[in-house]
Amino acid sequence: MSKPLELVATCALGLEDLLARELLELGVANPAPLRGAVGFRGDWVDVWRGNWRLRTANRLLVSLDSWPAENGDALAAGAARLIARRERAWGGLACASLFQPHRTLALRSTSSASRVRDVRWINQKVKDGLVDAQREIYGRRSSVDRSSPDLALRVWLRKDQATLLLDTSGEPLDRRGYRIRTTEAPVRENIAAACVMAAGWDGRGPVVDPMCGSGTLLAEAANWALGRAPGALRKAWGFQRLPNYSHPRFRDVMNEAIPAPGPDVELYGVDRSPTAVEASRMNLARARLDDRATLARADAFDYAPPASPGLLLVNPPYGERLEGGREQWRRLGDLLKQRYRGWRAVVLAGDEHRGKHVGLRPSLRLPVRNGPLDARILLFEIY
Ligand SMILES: C[S@@+](CC[C@H](N)C(=O)[O-])C[C@H]1O[C@@H](n2cnc3c(N)ncnc32)[C@H](O)[C@@H]1O
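Just so it is clear: in the sequence shown, position 1 is 22 by the numbering used here, and no numbers are missing.
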């Protein structure tokens, strides 16, 4: 049996524990939360399953090799040594097959606490090492294709130690394929999924978003409740361009049953902006959720939710530093207390100070990096 693959699923900072929990649910043993990522061991089927099913991940990477690299020459030499070991294999995928010179490649690098800091220089030196060694061994070299490479490679340089990783996702995993219309400040799909997973919701009862924007929180709640894979509408992943890809075996992964705790889920979305309501309508239709969704143009503070309690998800546009910010949060808190008694409410609050003035004590406060912004996922159980 071949050695397991060293895998890394990346995520927004703050979502590591939720992602580790997802991996456990997929049957992965001992996922190890890192910073903005979770490390684990597995095989290629785990790679395909992760890309198909992980809701909170950004990408799934396979670690190929690691070597000390204090300068550009060491970066290139380590990459060249890797190509020279043609028989080396990752879960049965041989180096000679992965790095065939007719396959295009692209590199992206990051550097921290290392002597080489210029990421373009890291890209350049590692690429030189790879392609010079290819030329020597095969008489030909891979060309670089930055927009659609066969091999999307990453170099992480940490404390003068280079790690070369293969990106198996291609487009990041938050691109689910249902967002065909966008509005101001839509939440990323994997952060919306994290809001649903952080809620500890059992999948029962209605789901309401009274400021629904483009409908992302509703879509993620429904897909989780219905056991629909986040990859179901995607057309392609990076792993499909690798030489060991087998469509029938991936089809088996796609056909695996996913727990569906809320088969009767109903969605209710309102927004005061007609463009937002239209965007939600189009996106939820694309997500094949239109038969479960009731959408209307309304003010959140006038809207009367369904009588039986369920899950409220909301990402208000308020900023504490903006004028009236505190007052807006207080109003939202009053709304929750008056209209949503018995509900679970998840509020995605914009930056680290926001949400303090809701007037309810959150049972969970999860800091998360939402793109360039600090945010908080706040859970209120309203009794
Ligand atoms: C940050 S966006 C929500 C984004 C949404 N989660 C998404 O993924 O697209 C905030 C939304 O709240 C809506 N909004 C603000 N105040 C509102 C109110 N009082 N009633 C209803 N909608 C409101 C805005 O029109 C905007 O669409």
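Every residue gets a Cβ at the ideal spot worked out from N, C-alpha and C, and that includes glycine.
Counterpart residues of residue i in DSSP-defined beta bridges
{"i": "residue 84", "result": "27 and 186"}
{"i": "residue 21", "result": "Residue 21 cannot be examined here, being either before or after the span of the chain that is shown, 22 to 404."}
{"i": "residue 60", "result": "29 and 53"}
{"i": "residue 89", "result": "182"}
{"i": "residue 172", "result": "126"}
{"i": "residue 230", "result": "290"}
{"i": "residue 177", "result": "131 and 184"}
heavy atom of ligand 1 below 7 Å from residue i C-beta
{"i": "residue 293", "result": "yes"}
{"i": "residue 61", "result": "no"}
{"i": "residue 234", "result": "yes"}
{"i": "residue 219", "result": "no"}
{"i": "residue 211", "result": "no"}
{"i": "residue 83", "result": "no"}
{"i": "residue 401", "result": "no"}
{"i": "residue 405", "result": "As shown, the chain starts at 22 and ends at 404. That puts residue 405 outside it, with no answer to give."}
{"i": "residue 231", "result": "yes"}
{"i": "residue 337", "result": "yes"}
{"i": "residue 208", "result": "yes"}
{"i": "residue 91", "result": "no"}
{"i": "residue 205", "result": "yes"}
{"i": "residue 171", "result": "no"}
{"i": "residue 320", "result": "yes"}
{"i": "residue 110", "result": "no"}
{"i": "residue 253", "result": "no"}
{"i": "residue 370", "result": "no"}
{"i": "residue 98", "result": "no"}
Endpoints, beta strand (DSSP E) assigned at residue i
{"i": "residue 159", "result": "Note, residue 159: premise wrong, no beta strand (DSSP E); alpha helix (DSSP H) at 140-159."}
{"i": "residue 290", "result": "288-292"}
{"i": "residue 333", "result": "332-335"}
{"i": "residue 316", "result": "314-318"}
Helix, strand or coil at residue i [DSSP, three-state]
{"i": "residue 129", "result": "strand"}
{"i": "residue 191", "result": "coil"}
{"i": "residue 110", "result": "strand"}
{"i": "residue 73", "result": "helix"}
{"i": "residue 304", "result": "helix"}
{"i": "residue 197", "result": "coil"}
{"i": "residue 245", "result": "helix"}
{"i": "residue 350", "result": "helix"}
{"i": "residue 79", "result": "coil"}
{"i": "residue 95", "result": "helix"}
{"i": "residue 222", "result": "coil"}
{"i": "residue 211", "result": "helix"}
{"i": "residue 394", "result": "strand"}
{"i": "residue 217", "result": "helix"}
{"i": "residue 165", "result": "strand"}
{"i": "residue 260", "result": "helix"}
{"i": "residue 202", "result": "coil"}
{"i": "residue 238", "result": "helix"}
{"i": "residue 358", "result": "helix"}
{"i": "residue 279", "result": "coil"}
{"i": "residue 295", "result": "helix"}
{"i": "residue 285", "result": "coil"}
{"i": "residue 102", "result": "helix"}
{"i": "residue 323", "result": "coil"}
{"i": "residue 137", "result": "coil"}
{"i": "residue 68", "result": "helix"}
Contact under 8 Å by Cβ, residue i with residue j
{"i": "residue 188", "j": "residue 93", "result": "no"}
{"i": "residue 248", "j": "residue 286", "result": "no"}
{"i": "residue 399", "j": "residue 383", "result": "yes"}
{"i": "residue 100", "j": "residue 151", "result": "yes"}
{"i": "residue 154", "j": "residue 201", "result": "no"}
{"i": "residue 34", "j": "residue 75", "result": "no"}
{"i": "residue 126", "j": "residue 174", "result": "yes"}
{"i": "residue 114", "j": "residue 265", "result": "yes"}
{"i": "residue 288", "j": "residue 309", "result": "no"}
{"i": "residue 194", "j": "residue 280", "result": "no"}
{"i": "residue 234", "j": "residue 319", "result": "no"}
{"i": "residue 396", "j": "residue 371", "result": "yes"}
{"i": "residue 237", "j": "residue 269", "result": "no"}
{"i": "residue 241", "j": "residue 205", "result": "no"}
{"i": "residue 44", "j": "residue 30", "result": "yes"}
{"i": "residue 231", "j": "residue 329", "result": "no"}
{"i": "residue 257", "j": "residue 367", "result": "no"}
{"i": "residue 300", "j": "residue 203", "result": "yes"}
{"i": "residue 401", "j": "residue 357", "result": "yes"}
{"i": "residue 112", "j": "residue 190", "result": "no"}
{"i": "residue 177", "j": "residue 332", "result": "no"}
{"i": "residue 165", "j": "residue 180", "result": "no"}
{"i": "residue 80", "j": "residue 171", "result": "no"}
For residue i, the first and last residue of its enclosing alpha helix (DSSP H)
{"i": "residue 44", "result": "37-46"}
{"i": "residue 119", "result": "116-119"}
{"i": "residue 269", "result": "268-275"}
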